[in-house]
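Notes for the one structure printed next.
In our numbering, the protein residues as written are 1 to 105.
Structural data, given as structure tokens:
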């Protein structure tokens, strides 16, 4: 999953960085955050439903949702750093859903 997330020229991370650049926001993902995103996608695929690499999109969406909606109100040249702790906080609901899904018949 990590390679799918980082290697293609138009990968999901670069898309998010460039999208926020249009609002003059500098978005940076730490290496450990990228690895955590890949790990969460694998866990969600094994415990909820296996969507393959498409799961990366839902994980990134969970991380970026608040940032995307508030980007227009941020000061120009604001720098946002996504670290492992932020990833864990933002995707917590995805992992909680995976815990509940095994009890649904």
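Where a beta carbon is used, it is the ideal one built from N, C-alpha and C, also for glycine.
This one's a predicted model, so the numbers in the text were calculated from it and none came from an experiment.
Rounded to whole angstroms, what is the Cα-Cα separation between residue i and residue j?
i, j, result
"residue 95", "residue 75", "33 Å"
"residue 41", "residue 71", "25 Å"
"residue 90", "residue 44", "14 Å"
"residue 53", "residue 85", "22 Å"
"residue 20", "residue 11", "15 Å"
"residue 17", "residue 68", "11 Å"
"residue 3", "residue 14", "13 Å"
How would you label residue i, buried or exposed, when you count the other beta carbons within 10 angstroms and need 16 or more for buried?
i, result
"residue 36", "buried"
"residue 9", "exposed"
"residue 5", "buried"
Sorted by chain position, which residues of the same chain lie with C-beta nearer than 7 Å to residue i's C-beta, five sequence neighbours on each side aside?
i, result
"residue 88", "36"
Under DSSP, the alpha helix (DSSP H) around residue i begins and ends at which residues?
i, result
"residue 18", "12-21"
"residue 7", "Element bounds for residue 7: n/a, residue is neither H nor E."
* Three or more C-beta pairs closer than 8 Å, one from the segment 22-35 and one from the segment 49-61: is that the case here? -> Output reads no: the segment 49-61 does not touch the segment 22-35.
I want to know whether the segment 12-29 touches the segment 72-89 - three or more CB-CB distances under 8 Å. yes
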